[in-house]
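Contents: one structure, followed by commentary.
Residue numbers (this note's numbering), protein chains in the order written: chain A, 64 to 327; chain B, 279 to 1095.
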C-alpha cells in the first residue's frame, strides 16, 4: 500500500444528537472543540445508544478519530463494541467500521480508516447487543480525516518524518529564529486546525490541544495579534514519530485581548 | 545581490519563524545560456529526500573562487531513468533548485531563490538496486568550467584584405587554409614559426621542413621533415613588406577547434579583463557577467595604453574586416569601423553594437562625427585605387544613411570637417584634396553638394601640379593647411573668413618646409608636425614654420623597410605604430616615447574625448591611451582549463570574481585606488539580533611589505615608496606574483595596485546569520553593529567573501574586514 497522508478537520459545523442524552455538567458541543479535556458524557449507560453527527455538506471522509478523555481509565466507553455508520439521508445507515470490545475498552483514542464515501451523516453506535454498558459513553472530540491517494506518477511520497525538518536557533541577544522545510506542498501539519480563540479577554491560563499525525516540531510559534510567542514541546515528544497520538500544548497568555491566535 | 527582494520576502526572511519550500528540477539541453526561468523542466522534488546546502567563496586561494557542486540521492530508478537521466550524448542534464520562503505554506513570498544550479556529471550516475535509488553529482558551473579546455577561449584576427587569419606574433604571414584535402590539420594546437634567416625568410609548421619565403605570395607549409612525409599542411600568404627582419624566431600557435576547419583560431592578444571574463563565462552559459569599473591609475600619472574592446560586434569572420576608422560621439559612445561595417562601441561597458554597413566590397578609411547636426561622415574606398572614392553621411538621430557621393577623389589624410558659427549661421562643410584636378573640394554638410573651392592657381601655384594629395590638417577651427610638393615642400593655408563669409587663400605660411609627408599628425599647441618620411624611412618632427626636421625614429632603410602606415594626433601627441615591429609610439615636440605593446598598425583610427584618446588597430582591437588604464591582459595562452584561464586572468589583474546559481557572474577589482576592498554597494546589516556567533581568522590576510610581479619578461617589485627594492629586513613579507598575462607596459602600475591592497592586514570574520537573507551574495557589503561582542564592534560596507546557504533558511557569511 502506498504511503498516504491524512488531512484532519474538525466537525465544527455538524449538528450533534445523542440518543442517550447528555449528562448534567457536560455539553455535547464540546465534542467539536478538538480538546479532549472538554467532553460529552451520555446521561445513561443503559442499552444501545447512538451519537449522530450530521455534517452541513457532503465531503469525503476516510478516517474518523474519536478521542476519549486524557488520563481517564474509562476511555471512550467500556466493555462493548462500537460501530461507525454513515448515511446519505439519515434513513438508511451503513456499517463502516466496527471496533470490538477489546479495541475499545480503556482506549483514549480510536482511529478507523474507511473507504471513501460521500456520506453527510455519521453515527456512532455504542453496544448493539441490547445489554447495558459498563459505563456511560463519553467522547472528548471527533475529527474527520481525508486520505489522499497519490496518483501516477506521484506514486511515492516521503515517509513521515522525512518530509520536513525543523530548526531553531537563538541570536546572540537571544532573539529566536525557527524554520521548517516543506517540500512540494507535502506538509502534514498544514491542516492541523488549532482552536481560534476570539472573544472576551482571557486573564487566566489557556490550554489548547490538537490531534496530529507525523513528526512533531520541537517548537511552535504562536502569533497573537502580531506578537510572537515561542512554545516548546517536551523533549520526549520532539523526536517522536507520532501516528495517532494527541498532544496538548499549553499557552500561558496573560491579559489576552480579543483577537486571533495564529499557529506558525 | 542575487535578486531584488520583495517586501514580503524581507519580512519573512527576518521573521522568527518561517517555512521553506524547495523544488528540484531537471531538463536536457544543448544550450547552456538558456535562462533558468524559461524552458521546460521536470519536477523531481518528490524523489529527492535531501537537498544539500549550497556554498560559494570568492577566494579559497588567490584569485580563485569556488562554487560547490552537490550530490543527490534520488529514489525510483525507473522513474528517474525515464524522466531525468535520459539525455543524449550531446545534451547536458541541467538542474536547478528553487527555494521559496513564507510565513506558512499558504502564505509564501513570491521571490524565487536559485539555491543551486548546475549540470549532472553523467559519469557519476550510480543506481543502487536494493534501495531503488540513484546517486549522482551535479556540477556547479564552476566545476563544469574546470572541465572545459582553455582552447575554447580563442579568437580570429581576420584580414579581409588578405582573406586570412592574422598572426599577431608573426608580421606578414596570414593563414588562409587549414583544410587541405588529405592533409587537413587535426583538432588541437599547432605551431607556425618564422625566421628572417639573414634575408632568406622561411617558415614551418609544427617543426616540419622549413619553407623558403622567396617573396610576397602564397606558400604551403607541412609538418614533415620533407614534403613527402607531410601528414598535415596549411596554406599561408606572405607579405614581404610587412615581415619581421630581426634575428628572433617568431612563433605563433593556431588552434583548430574541429576537423575540417579552414581558418584557424589564435590565442587572444591584448584584451580587457572584462572581455576575457565574458568569453570564459560564456563557455558555461553565462553570457553577461556584471562587472564594476576595472580601471587602474598609472602609478606615475603618465598616459598609457590599454585594450578596451573590439570594433566588431562578433567573432564571426564574416563580421570582421580591416578596421581603419573611428569617431568620438560622447563620453560613452564611439563609432568604429570594421571593413564596411559601422558599429557603436560603448567605452564604459565595452559592448559593441552593429549599426549599418556601406556598400559591399568597401572598406571604411575615415569617419568624422559632427555633434551639432548629429551626423557621421564616412569615407571609404571600393576598389584598389589609390584614393578613397566614396563618402556618405549617416544621420545618427534618424538612423538614416544618405545617398553616397561615389566619385570623389579624396584621400583620408586630407579630409577635414569644419563647423564654423558666424552671423547666426554655420559654415558646415568638409574639405579634401582631389588630386585628379587638382583641387581643394568643399562638400556642403547639409546638401552634400561638392564644389571646387580652389584650384592650384588659386593657391598660388603657377602650374596645375601644385596641389598634392599629401597630409592636410586644420587648426584654429577655421584654417585648412596643405603640405605640398615633395621636391620643394611648402605649407599653404586657406581659412574661412567670417567677414567675407567665404574661404580665402591666406598664403604660403612655410615656403621651405623640410618635408611633405603623406602620413603625419599635427599638434596645435606647439604647431608641430610629426610625419613619416617614406623616402628615408624615418619619423621626423618639425614646426609648421620650420625648415629643419628632427629625426625621432629611424626605421630600417634596407630592402625590408619598416614603414608607418597611419598617424594621428590627439592634440597632445602624435601616435603611430610601424608595420613590422608594432610598438605603440607617441611623440610630441619634446621627443618620442614608446610603449611595449603589440598593435597591428593603427591607422588614422583615433579620436579623443572624455579626456582619453582612443585608437584601434587593423584587426579591430580598440585601445585607450590615458592616465587611467583598463585592466587588460597580454597574450592569453590558455593551455589550462577554462577555470584555470579565469583564475590566471584574475590573478594577473588583481581582480576577483564569482558566479551565482542564477547563472550570473560578478567581476570586481580586489580593491579601489586606495587599496580598500570593494563591494557591490548592496548592504546586508548584521547585529547581535540576527547572528549567533562570530569567528575571527586573522591569518587569512596578513599584510605584505613588498609585492613582486614577474611576467617572464620583466620582474619588478614595490614597497610603497620605491620600485626595484631589495627586501632584506627580517620578517619582511613578500608577495610574489608570477603571471605571463601581465602586460609589460603596465607591469609597474599593476605592481603598485597589488601593493596598495596587500599592504593592509585584513581579517576574515565568519558569521552565522539566522535571517534568510538569501538575496545577498559574495561581493555584497556587510555593515555590522555588534555592540556587546568581544571580538569586534562595528564595520561599514565590508565585502562578503563567502556565503553558505543552508536549507534551514540560515546562512553563514565570511566578511573581509
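Even glycine gets a Cβ: it sits at the ideal position worked out from N, Cα and C.
Distances from the CA of residue 930 of chain B to each of B/1025, B/855 and B/1047 were compared; the closest alpha carbon is that of B/1025. Contact fails between the segment 83 to 95 of chain A and the segment 150 to 164 of chain A, because fewer than three Cβ pairs, one in each stretch, are under 8 Å apart. Residue 769 of chain B and residue 822 of chain B do touch by the CB rule: their CB atoms are close to 6 Å apart, below 8 Å. Residue environment: residue 680 of chain B is assigned as exposed (fewer than 16 neighbouring CB atoms within 10 Å of its CB, all protein chains considered). Cβ contact annotation for residue 436 of chain B (same chain, cutoff 8 Å, sequence separation greater than five): 442, 443, 444, 541, 595, 598, 599 and 897, in chain order. The segment 771 to 849 of chain B is shown to contain whole beta strand (DSSP E) runs of 3 or more residues at 780 to 788, 798 to 801, 806 to 811, 816 to 821, 828 to 832 and 845 to 847, in chain order.
Excluding the 5 residues flanking it on each side, residue 1003 of chain B has same chain C-beta neighbours closer than 7 Å at 984, 995 and 997, in chain order. DSSP places residue 929 of chain B in the uninterrupted alpha helix (DSSP H) bounded by 920 to 931. Boundaries of the alpha helix (DSSP H) harbouring residue 551 of chain B: 551 to 560, taken from the DSSP string. At a Cβ-Cβ threshold of 8 Å, residue 302 of chain B and residue 375 of chain B count as neighbours. Sequence-distant partners of residue 1034 of chain B (beyond 5 residues in either direction) whose C-beta falls short of 7 Å from its own C-beta, in its chain, are 949, 952 and 953. With contacts defined by Cβ atoms closer than 8 Å, residue 517 of chain B and residue 509 of chain B do not form a contacting pair. Residue 832 of chain B is classed as exposed because its beta carbon has fewer than 16 other beta carbons within 10 Å across all chains shown.
Judged by DSSP in its simplified three-state form, residue 324 of chain B adopts helix. Its Cα nearest to that of residue 174 of chain A, the residue A/129 stands out among A/129, A/196 and A/187.
Residue 813 of chain B and residue 829 of chain B have their C-alpha atoms some 13 Å from each other. Annotation: the segment 560 to 584 of chain B contains the following complete segments of the beta strand (DSSP E) (minimum length 3 residues), in chain order: 573 to 575. In chain order, 232, 234 and 240 make up the part of chain A whose C-beta sits under 7 Å from the C-beta of residue 1048 of chain B.
Residue 843 of chain B is not a Cβ neighbour of residue 807 of chain B, given a cutoff of 8 Å. When the beta-carbon positions are compared, residue 1019 of chain B and residue 853 of chain B stay at least 8 Å from each other. Under the criterion of beta carbons closer than 8 Å, residue 903 of chain B and residue 848 of chain B qualify as touching, at roughly 7 Å. For residue 1086 of chain B, the chain A residues whose C-beta falls within less than 8 Å of its own C-beta are 228, 230, 242 and 244, listed in chain order. Listed by position along chain A, the residues whose Cβ is nearer than 8 Å to that of residue 281 of chain B form an empty set, because the closest Cβ is around 20 Å away. For the segment 945 to 978 of chain B, the set of positions with a beta-carbon nearer than 7 Å to some beta-carbon of chain A reads 966, 967, 968, 969 and 970 in chain order.
Counting C-beta pairs with one atom in each stretch, the segment 405 to 425 of chain B and the segment 558 to 575 of chain B have three or more that are closer than 8 Å, which means they touch.
Around residue 674 of chain B, the same chain offers 652 and 654 as residues with beta carbons nearer than 6 Å, after the five sequence neighbours per side are excluded. Using a CB distance cut-off of 8 Å, residue 395 of chain B does not count as an interface residue toward chain A.
For the options B/1085, B/1061 and B/1089, the alpha carbon positioned closest to that of residue 1095 of chain B is the one of B/1061.
Shown in chain order are the members of the segment 285 to 314 of chain B whose Cβ falls below 7 Å from a Cβ of chain A: 294, 295, 296, 297, 298, 299, 300 and 301. Look at residue 737 of chain B here: in three-state DSSP terms it is helix. Per the coordinates, the alpha-carbon of residue 1053 of chain B lies some 23 Å from the alpha-carbon of residue 321 of chain B. Under DSSP, the beta-bridge partners assigned to residue 1012 of chain B are B/984. Taking all protein chains in view, the Cβ of residue 776 of chain B is surrounded by fewer than 16 other Cβ atoms within 10 Å, so the residue is classified as exposed. Sixteen is the threshold: when 16 or more other Cβ atoms of the shown chains lie within 10 Å of the Cβ of residue 450 of chain B, as they do, the residue is buried. Collapsing the DSSP output to three states places residue 914 of chain B in a strand.
Residue 391 of chain B sits buried, since 16 or more C-beta atoms from the chains shown fall within 10 Å of its C-beta.
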